[in-house]
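Undergrad: Have a look at the structure that comes next, please.
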């Protein structure tokens, strides 16, 4: 039984370490980064929308998220909430 608990805890730790939506990664965001650089840092966005050369992408949900606004392919501004 203790082997099962150890395996379960190990899986939980691995999954927690894989979360790219963190304050550490948020602090690495910079204006001027490309979409590819942001996606390498945060993974694929939850949703994106845009028009006429501007795009807004969001990672996460209503409680914990990062939102990035692009002009063309470059970050113009970004914000986040609930990051740990």
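Residue numbers (mature numbering (1 follows the signal peptide of the UniProt record, and there is no 0)): -16 to -1, 1 to 68.
Beta carbons: idealized from backbone N, C-alpha and C, even for Gly.
(1) With DSSP collapsed to three states, give me the class of residue -9.
(2) Please report the straight-line C-alpha distance between residue 46 and residue 62, rounded to a whole angstrom.
(3) DSSP three-state call for residue 11: helix, strand or coil?
(4) Does the distance from the C-beta atom of residue 16 to that of residue 58 stay below 9 Å?
(5) State whether the region 6 to 16 contacts the region 28 to 46, with contact taken as three or more CB pairs (one from each stretch) at a distance under 8 Å.
(6) Which of the three DSSP states is assigned to residue 36 in this structure?
(7) Just grab the DSSP bridge partners of residue 21 for me.
(8) Using a Cβ-Cβ cutoff of less than 7 Å, which residues in the same chain neighbour residue 68 once the five nearest sequence positions on both sides are dropped?
TA: Checking against the coordinates, here is how it stands:
(1) In this prediction, residue -9 has a pLDDT of 47, which is less than 50 and means its spatial position is unreliable; nothing more can be read from the coordinates.
(2) 16 Å
(3) coil
(4) yes
(5) By the criterion of at least three beta-carbon pairs nearer than 8 Å, the region 6 to 16 is not in contact with the region 28 to 46.
(6) coil
(7) Looking at the DSSP assignment, residue 21 forms no beta bridge with any residue, so it has no partner.
(8) Only 6 and 7 meet the Cβ criterion.
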